[in-house]
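Down below is the structure, laid out as structure tokens.
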Amino acid sequence: MINQIKKWFHFYFLKKELKFHKANRQLLNISDAKEIGIIFDATDVDQTAIINQFADSLKGLKKKIYMFGYYNIPKPAINFNFPYFNKKNLNWYLEPQGLLVDEFIDRKFDILINVSIKENLPLEYIAALSQASYRVGLYDPNKLYCYDLMIDLKGNKTLQKYIDQVKHYLHIL
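For the sequence shown, numbering that gives the first Met the number 0 begins at 0 and goes up steadily by one.
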């Protein structure tokens, strides 16, 4: 019940912010992009390792990669090689706050990729308000305000499958 109330307020305040939000959106493929932002849930160590491999593969294409993780535990993380925010950086209606969050939202990435295969309201908030030219995320008909390209995995929701599809579609755009 309390989580439903938090979600309601989350969407209420996000919709209010989006009314005044302006960003210059444009279609970009991977070869034209220079700076790519990656947001993801860093709570699971195995999934974080897969996402690090994905980031390394993009670096191999001579792209500047900025990773930003959400660590769903209130204690500080150990040995992360990327900036992150955690539960302590969320207000009561699940909106991420703080200098790192604001800087990431304001950075004008060529492409922003949300590499999360489950609903994650703090990451979706960042994607929705991002100044990125092109935003990529998992398909959800209720989240059209978050992304410019949505990947539909049709029931096969594995992280590796999602990453493979993101790479595929960003190459053929």
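Each residue gets a CB set at the ideal place from its N, CA and C atoms; glycine is no exception.
Residue i and residue j closer than 8 Å at C-beta
i: residue 67; j: residue 50; result: no
i: residue 150; j: residue 161; result: yes
i: residue 124; j: residue 82; result: no
i: residue 93; j: residue 120; result: yes
i: residue 110; j: residue 26; result: no
Same chain, Cβ closer than 7 Å to residue i, five either side skipped, listed in chain order
i: residue 97; result: 84, 88
i: residue 79; result: 41, 68
i: residue 16; result: 128
Pairwise C-alpha distance: residue j and residue i
i: residue 24; j: residue 32; result: 13 Å
i: residue 12; j: residue 5; result: 11 Å
i: residue 54; j: residue 61; result: 11 Å
Nearest candidate by alpha-carbon position, reference residue i, set the options
i: residue 146; options: 169, 63, 113, 36; result: 113
i: residue 65; options: 10, 148, 106, 9; result: 106
i: residue 1; options: 169, 165, 91, 142; result: 91
i: residue 59; options: 143, 148, 35; result: 35
i: residue 19; options: 7, 100, 167, 130; result: 130
i: residue 70; options: 102, 56, 41; result: 41
i: residue 122; options: 140, 44, 86, 27; result: 86
Beta-carbon contacts of residue i that lie in its chain and below 8 Å, excluding the five residues immediately before and after
i: residue 116; result: 137, 152, 156, 157, 158, 161
i: residue 63; result: 33, 34, 35
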